Each structure stands twice: as C-alpha cells, then as structure tokens.
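Read the structure below first, then the notes.
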Amino acid sequence: MGRLRPYGGGNSSGLASGTVHAGCAGRGQAIMLVLDASVHLNALNPFETGSETSQRLLKQLFGKPWPVISPTLLLVEVAAAVARVFNDSQRGMAIAQAIYRLPGQIWVPLDEDLALEAAQLAAVHRLQGADGIYAAVAYRYHAALITLDRQQLERLASRLAVLTPDQALERLQR
129 MGRLRPYGGG
139 NSSGLASGTV
149 HAGCAGRGQA
159 IMLVLDASVH
169 LNALNPFETG
179 SETSQRLLKQ
189 LFGKPWPVIS
199 PTLLLVEVAA
209 AVARVFNDSQ
219 RGMAIAQAIY
229 RLPGQIWVPL
239 DEDLALEAAQ
249 LAAVHRLQGA
259 DGIYAAVAYR
269 YHAALITLDR
279 QQLERLASRL
289 AVLTPDQALE
299 RLQR
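In this note's numbering, the protein residues as written are 129 to 302.
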C-alpha cells in the first residue's frame with residue numbers, strides 16, 4: 129500500500145508528477161481522486177438511492193486499478209458504520225480490510241500537519257470533523273473529492289473539485 133507526499137514534497141508512485149491521466153480534469157491533464165466514506169457505504173447498501181452508481185464507480189476505479197488517495201480514517205469510518213448497522217464487528221472489520229487491500233489505494237495517515245489543514249477547512253467551510261479530513265487530503269493532493277455528502281458538495285465547491293459518483297463516472301468515461 130503506497131503513501132503519497134504532497135506537491136513539492138517529493139514523489140511517490142509517479143502521482144505528484146502528473147502521470148495519471150483521464151478525461152475528468154480535461155484532456156491530457158492529471159487527475160487524482162479521493163473517495164469519501166459515503167461512496168463506499170452507499171455502494172454496500174443496495175437499498176440506498178445511488179447504490180448502483182457507487183458500485184459502478186468503485187468497480188471502474190479498482191478494476192483497472194486506478195490510483196485513489198484515501199485518508200486512513202476511511203477504514204475507521206467504514207468499520208464503525210458497518211458494525212453499527214449490522215451489529216457485527218467482524219463484518220465491519222472484514223469490509224474495512226477488504227477496502228484496505230483494494231488495488232491502487234494510496235493511504236494518507238492523519239498527522240499533525242494534515243490535522244491542522246483539516247481543522248482549517250472544516251472551520252472555514254463549516255464541515256463535520258471527518259469531512260474536513262477528506263477535504264484536506266483532496267486539497268493537499270489537488271485531487272477531486274467524490275462524495276454523496278451534500279455539505280461537502282455545496283460548501284467545498286469554491287475550494288476544490290467536488291463531484292458526486294454520477295459526475296465522476298461521466299467525467300472518467302470522456
């Protein structure tokens with residue numbers, strides 16, 4: 129599982145140099161993606177609106193595999209949500225471990241610098257605490273944040289690229 133340094137801080141997996149290309153950022157421009165936990169959780173629940181779209185997006189991204197930058201917080205959020213919904217901690221951990229092993233994942237740990245960046249974004253844009261971490265990772269790595277969270281979609285649009293799974297699929301298929 130790779131780790132990525134921010135722009136100017138070195139290069140890991142070729143990502144910061146702009147070697148990942150897709151139609152999402154425009155022809156020939158690099159794109160990196162951060163998936164909010166809401167997308168993973170939506171894909172797991174076939175009764176939720178948009179679940180099929182989230183599933184298609186995940187299959188497209190991880191079937192290639194496509195590099196996806198993820199805060200390590202994603203594992204905690206998914207394990208906790210699944211364990212609560214199903215009253216099954218083993219199931220929660222199994223799904224978190226399956227996500228951890230997905231090809232192309234680049235894990236970003238929460239350190240002091242990222243925590244301060246997340247705190248600032250959360251305060252300025254009036255986000256929930258965990259949402260600030262996803263925003264900070266996307267902002268730091270010039271990545272598009274893919275989310276179903278209305279607050280992130282509305283409040284971060286002036287700061288970074290924020291897309292729904294539908295929008296992300298559309299742009300990836302260009």
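Ideal Cβ placement from N, Cα and C applies to all residues, glycine included. Computed from a predicted structure; not experimentally measured.
- With contacts defined by Cβ atoms closer than 8 Å, isoleucine 159 and leucine 201 do not form a contacting pair.
- When secondary structure is reduced to three states using DSSP, glutamine 233 falls in the strand class.
- Alanine 272 has Leu161 as its beta-bridge partners, per DSSP.
- In the displayed model, leucine 291 falls within a strand according to three-state DSSP.
- In the three-state reduction of the DSSP assignment, serine 198 falls in the strand class, which pools E and B.
- For lysine 187, the uninterrupted alpha helix (DSSP H) run begins and ends at 179 to 191, by DSSP.
- Per the coordinates, the alpha-carbon of leucine 291 lies some 7 Å from the alpha-carbon of leucine 281.
- Under the three-state reduction of DSSP output, asparagine 173 falls in the coil class, being neither helix nor strand.
- Here leucine 244 is exposed. Its C-beta has fewer than 16 other C-beta atoms within 10 Å.
- In this model, serine 198 and proline 174 are separated by some 23 Å (Cα to Cα).
- Excluding sequence positions up to five before and after valine 167, its CB lies within less than 8 Å of the CB of Ser182, Leu185, Leu186, Ile274, Thr275, Leu276, Pro293, all in the same chain and listed in chain order.
- Counting every other CB atom within 10 Å of its CB across the protein chains shown gives arginine 212 a total below 16, marking it as exposed.
- Alanine 250 and alanine 272 have their alpha carbons spaced roughly 17 Å apart.
- The residue among Pro195, Arg229, Ala296, Gln225 with its C-alpha nearest the C-alpha of tyrosine 269 is Pro195.
- Non-local beta-carbon contacts of alanine 208 in its own chain, meaning distances under 8 Å to residues more than five positions away in sequence, involve Gly220 in chain order.
- Taking glutamate 205 as the centre and dropping the five residues before and after it, the same chain places the C-beta of Ala165, Ala258 closer than 7 Å to its C-beta, in chain order.
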